[in-house]
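One structure is given here, and the rest of the page talks about it.
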Amino acid sequence: MNFTTKPSYYQVGGSLTNNAPNYVKRQADDDLYNGLKAGEFCYVLNSRQMGKSSLQVRTIQRLRNEGIACAAIDISEIGNRGVTPEQWYAGLLRILENNFNLSDIVNVRTWWRDRNFLTPVQRLSEFIETVLLPNISSNIVIFIDEIDSILALDFPADDFLALIRSCYNKRANNSEFDRLTWALLGVASPTDLCREQNASSNTPFNIGKAIELTGFDETEAQPLATGLAELTDSPHEVLREVLYWTGGQPFLTQKLCKLLLENPQLIPNLPPPAPPCQGGEKDKINTSKEWVEKVVRLKIVENWESQDVPEHLSTIRDRLFKENHRIVRRLGLYQQILEQAEIVPDGSAEQMELRLGGLIVKRREKLTISNPIYQAVFNKELIEEKLEKLSPYSEAIKVWLNSSCEDDSQLLRGADLQSALVWAAGKSLRNEDFQFLTASQKVILSDQNQLLRSATLETKKAVCDAEKALSEADSAKQKAKQWIGIGSAVLAASLLAAIGFSTLAYQRFKLAQASIEIEQNGSDALLLAVSQKTANTEALSEALLRAIASGEKLKILVKNKPRLEQYPATIPLLALQVILDRISEKQPINHSSLSQRKMNWQAHTGAVTSVNFSPNRKILVTAGIDDRVRIWNLVGQKVIEWKALQQSVNMVNFSPNGNFLATAGRDSTVKLWNLSGKNISTFKEIQGSVTSISFSPEGKLLAVAGIDSNAAILNLSKLSKSISSSVKLPGHNGLVRTVTFSPSGNFITTLDGNSTVRIWNLSGQLKKTLPLQAIGIGFSPDQHQHRFATVTLNGKVGLWNLSRKELVNEFQTLHLDAKSISFSPDGERLATVGIDKTVRLWNLAGRQVAQFEFEENVVSVSWRRDGKQIAVAGSNGTVWLRQVEGLEELLKQSCNFFTTQPKYFRRVSTLCK
Numbered sequence: 001m002n003f004t005t006k007p008s009y010y011q012v013g014g015s016l017t018n019n020a021p022n023y024v025k026r027q028a029d030d031d032l033y034n035g036l037k038a039g040e041f042c043y044v045l046n047s048r049q050m051g052k053s054s055l056q057v058r059t060i061q062r063l064r065n066e067g068i069a070c071a072a073i074d075i076s077e078i079g080n081r082g083v084t085p086e087q088w089y090a091g092l093l094r095i096l097e098n099n100f101n102l103s104d105i106v107n108v109r110t111w112w113r114d115r116n117f118l119t120p121v122q123r124l125s126e127f128i129e130t131v132l133l134p135n136i137s138s139n140i141v142i143f144i145d146e147i148d149s150i151l152a153l154d155f156p157a158d159d160f161l162a163l164i165r166s167c168y169n170k171r172a173n174n175s176e177f178d179r180l181t182w183a184l185l186g187v188a189s190p191t192d193l194c195r196e197q198n199a200s201s202n203t204p205f206n207i208g209k210a211i212e213l214t215g216f217d218e219t220e221a222q223p224l225a226t227g228l229a230e231l232t233d234s235p236h237e238v239l240r241e242v243l244y245w246t247g248g249q250p251f252l253t254q255k256l257c258k259l260l261l262e263n264p265q266l267i268p269n270l271p272p273p274a275p276p277c278q279g280g281e282k283d284k285i286n287t288s289k290e291w292v293e294k295v296v297r298l299k300i301v302e303n304w305e306s307q308d309v310p311e312h313l314s315t316i317r318d319r320l321f322k323e324n325h326r327i328v329r330r331l332g333l334y335q336q337i338l339e340q341a342e343i344v345p346d347g348s349a350e351q352m353e354l355r356l357g358g359l360i361v362k363r364r365e366k367l368t369i370s371n372p373i374y375q376a377v378f379n380k381e382l383i384e385e386k387l388e389k390l391s392p393y394s395e396a397i398k399v400w401l402n403s404s405c406e407d408d409s410q411l412l413r414g415a416d417l418q419s420a421l422v423w424a425a426g427k428s429l430r431n432e433d434f435q436f437l438t439a440s441q442k443v444i445l446s447d448q449n450q451l452l453r454s455a456t457l458e459t460k461k462a463v464c465d466a467e468k469a470l471s472e473a474d475s476a477k478q479k480a481k482q483w484i485g486i487g488s489a490v491l492a493a494s495l496l497a498a499i500g501f502s503t504l505a506y507q508r509f510k511l512a513q514a515s516i517e518i519e520q521n522g523s524d525a526l527l528l529a530v531s532q533k534t535a536n537t538e539a540l541s542e543a544l545l546r547a548i549a550s551g552e553k554l555k556i557l558v559k560n561k562p563r564l565e566q567y568p569a570t571i572p573l574l575a576l577q578v579i580l581d582r583i584s585e586k587q588p589i590n591h592s593s594l595s596q597r598k599m600n601w602q603a604h605t606g607a608v609t610s611v612n613f614s615p616n617r618k619i620l621v622t623a624g625i626d627d628r629v630r631i632w633n634l635v636g637q638k639v640i641e642w643k644a645l646q647q648s649v650n651m652v653n654f655s656p657n658g659n660f661l662a663t664a665g666r667d668s669t670v671k672l673w674n675l676s677g678k679n680i681s682t683f684k685e686i687q688g689s690v691t692s693i694s695f696s697p698e699g700k701l702l703a704v705a706g707i708d709s710n711a712a713i714l715n716l717s718k719l720s721k722s723i724s725s726s727v728k729l730p731g732h733n734g735l736v737r738t739v740t741f742s743p744s745g746n747f748i749t750t751l752d753g754n755s756t757v758r759i760w761n762l763s764g765q766l767k768k769t770l771p772l773q774a775i776g777i778g779f780s781p782d783q784h785q786h787r788f789a790t791v792t793l794n795g796k797v798g799l800w801n802l803s804r805k806e807l808v809n810e811f812q813t814l815h816l817d818a819k820s821i822s823f824s825p826d827g828e829r830l831a832t833v834g835i836d837k838t839v840r841l842w843n844l845a846g847r848q849v850a851q852f853e854f855e856e857n858v859v860s861v862s863w864r865r866d867g868k869q870i871a872v873a874g875s876n877g878t879v880w881l882r883q884v885e886g887l888e889e890l891l892k893q894s895c896n897f898f899t900t901q902p903k904y905f906r907r908v909s910t911l912c913k
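In case it helps, my numbering puts the sequence shown at residues 1 to 913.
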């Protein structure tokens, strides 16, 4: 056997050249070529490393051989994060100029600048119509590769897709556009690429041709057998085994063939060809199977993370385990396919995610695992382990499912059930999760009915005992009349005590039963609204009606409990708020009350680092990494702006009287400004970027903290002069995240990069180090509460006594990674922020009362002074104003929603009295 190999015959990753001998031609080659030649818009949207780029290279060569001018644009090269629409469209135009050699015809820089009165997409459209088409006489095909990179842009690229569609629409009036054709390639679905879901008339996908790119079959893959002939006399049998393991996946197929070439020491002693009657062919195939299986096991599956070069399995893993609201259902769906081998496709978002990740493919009208390698790496044990880490009830549901859903002891109750239901809100769950949560809710009602029956029996027994006591007392009266006074008093006391105890017990049971029933009904409404199959208006309306019913019952129950902390149930508030949000997202809102619940606008280029309401509640201020400070009114209109000249503004705060502002700069400075943008004072008391600033309650002191272990207290008594004296707060190690004055102003807290909370007096003396690791801290503005709160990285909230600095209560939030915490102005609510683009509100008993989801990572949150609104700063420059409603307001808005829907009038009139 000759072991001289040609390791370069196979190529793992990257585009194959035009004349590569190992290129495998598939049906997609002819489909794409013929479609583009015919002037059709074509798109190849598939998982990574399926050969899209090599297909593009070959197709361009074939088209150019036909005299068709082609341009290949990899738009990921233009960039995404931080790129403005102006830069992005100008980048496209520059690439077109280079691809079609138009630099001698037009000066693109001047051409672009002269049309700055037009939007960027209009300029690109005009360039195509007035420059490209007139100067290129042949047919033109523009290939856009990595189209999925538009999803990472800080602005929607729907206008670009609409431009492509317009090029085809213009053919009716301008025959020149008959010569222009587009092709899109990438890893996304058409639904993903079109952010404006209702703009169906502008998307090109409903007039285009989808090119299906499948794995290699045995006939197509025969060119790959040539390289194996150097190692074996039976290359076709070996190739067949390769295709079995890879499922024809192009990257894996090329990689496995190359690994066979590079590991000749693993080759078994293949027998020479023999006549069929001697069984030689059978032996040869079995030995080939053994060889390929051994290479797969040793060089791909085992310790795959260290051998995954170039990255392939890691990319699939990252897409499979990507944290979003569909992760539970996505993993559950994949687990189902692992167990059942195949399922019927239904076009769900989770199925599309798994297909785009490459894990599953469509074969014979069913969805199945792409190949045995994926199945070996992403196996049942791995998925079960991941699911267990995700849900707060993983052990319980595992035992319950193993008992054929009969072990009721595993079902959730009380706080565990409430936490699970809140965790489930907004997530697309597995069917098993829905069954488990529903069964848990049903058993709660069953338990409470049993308790109610027990309470009734106890009441009857107490009444019987009282009657017996009365009978005995009557008998005693007949025997000894002289004791009648004493006997009657004892009897009355005994009777009252018995009946009183029974009544109290019964009332407590009734209250508990009513609270749990309200939570149950609210949870049912919430689950109905967030479940995968109820994303339609009728289902949401039904969910809202149920939420109203539970909310009205809660309203009666809490009429004498004004403080939110005393509410025995809060799920109805959460359900009403979440459902109203869903309704406003799913359909055009004509109800002014709903449309005003949330508003947003683009406030900065790049991240908004800080947002704050003024004390008078009439304006708010924002700052950003663009080094700008902007003041807005509460309808999103800009009042004034100025450049801070601090490289980047990390934080901005109003003074307590609202007359001036302080900004913390990346350049180590803190600046004070009046509300017209005039700089009052500039000082530099600490080294490195300033991360946090805090005014004392009376506004005479300013605490500052920085990135280089620095914190200080500054005296602001003379604003017009440079501040010369300060009190240092030493002893920090590295970054100081926050510095905060207490509400009374008699002490300061600092929180450093090691999550240590320290308490200082105003002389700079360390008074206490709290026994916890925190990521955020906030004080209750209500001085009567004497509380402050901390939150840890894993989302645990601690409530502390302000005077004793002792922990008095703690509860677990639902954030994957918490970032900050703050009290509402009345001290009734806590707002927690995590990396999951969500702000959650809690009462002080640890019950969730609201959940606000945003399209960007949340950087900063500020409460309006009356507590009825929060401002949220986003990582991509957006600011949101979000109403915070109580039970009465939520019920009012919910009932008002149905005023224009006659079909619900009868039910609503009963609920909304």
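Glycine residues also receive a C-beta, built at the ideal position from the N, C-alpha and C atoms.
Nearest C-alpha to T832 among W863, L807 and V808: W863. Of the residues A229, L93, L387 and I516, the one whose Cα lies closest to the Cα of Q441 is I516. R364 has no beta-bridge partner at all, per DSSP. A direct Cα-Cα distance of roughly 22 Å separates S404 from K389. DSSP places A850 within a strand segment (E or B) once states are collapsed to three.
In terms of Cβ geometry, F613 and Q851 do not form a close pair [threshold 9 Å]. The beta-carbon separation of C42 and G208, rounded to 6 Å, stays under the 8 Å limit for a contact. Under the three-state reduction of DSSP output, Y168 falls in the helix class.
Here the C-alpha atom of L32 lies approximately 15 Å from the C-alpha atom of I140. Assignment of Y33 by DSSP, reduced to helix, strand and coil, places it in the helix class. Taking 9 Å as the cut-off, the Cβ atoms of V301 and L256 do not count as close. Using a Cβ distance threshold of 9 Å, N80 and L193 do not count as a contacting pair. The secondary-structure analysis by DSSP pairs F683 across a beta bridge with V670. The shortest C-alpha to C-alpha distance from T838 to any of G827, V106 and E856 is the one to E856.
Q812 sits in a strand when the DSSP states are folded into three classes. Assignment of beta-bridge partners to A831 by DSSP yields S822 and L841. With contacts defined as CB atoms closer than 9 Å, R666 and Q687 fail to qualify as a contacting pair.
In the three-state reduction of the DSSP assignment, M599 falls in the strand class.
In the three-state DSSP reduction, A705 falls in the strand class (E or B). Taking each of G248, T253, L231 and E290 in turn and checking the Cα distance to L261, the smallest one comes out for L231. One alpha carbon belongs to L266, the other to I369, and they sit about 28 Å apart. Residue L252 holds the alpha-carbon nearest to the alpha-carbon of G13 among E86, D817, A210 and L252.
Under the three-state reduction of DSSP output, M50 falls in the coil class, being neither helix nor strand. Around the beta carbon of E519, a 10 Å sphere encloses 16 or more other beta carbons of the protein chains shown; the residue is thus reported as buried. Of D104, F100, E66 and N116, the smallest CA-CA separation from Y89 is found for N116.
Secondary structure at S550: helix, using DSSP grouped into helix, strand and coil. Non-local beta-carbon contacts of V238 in its own chain, meaning distances under 6 Å to residues more than five positions away in sequence, involve L228, T232 and S288 in chain order. D524 and S824 have their alpha carbons spaced roughly 29 Å apart. When the beta-carbon positions are compared, L243 and E212 stay at least 9 Å from each other.
Per DSSP, the continuous beta strand (DSSP E) segment holding N633 begins and ends at R628 to N633. S409 carries a helical assignment under DSSP once its states are collapsed to helix, strand and coil. The beta carbon of M352 lies closer than 6 Å to those of S189 in the same chain, with the five residues before and after it left out.
In terms of CA proximity to I707, G753 leads the group L557, E339 and G753. Per DSSP, the continuous beta strand (DSSP E) segment holding K638 begins and ends at K638 to K643.
Three or more beta-carbon pairs drawn from the region 548–567 and the region 902–913 are found closer than 8 Å, and the two stretches are therefore classed as touching. With a threshold of 16 other beta carbon atoms within 10 Å, N521 meets it and is buried.
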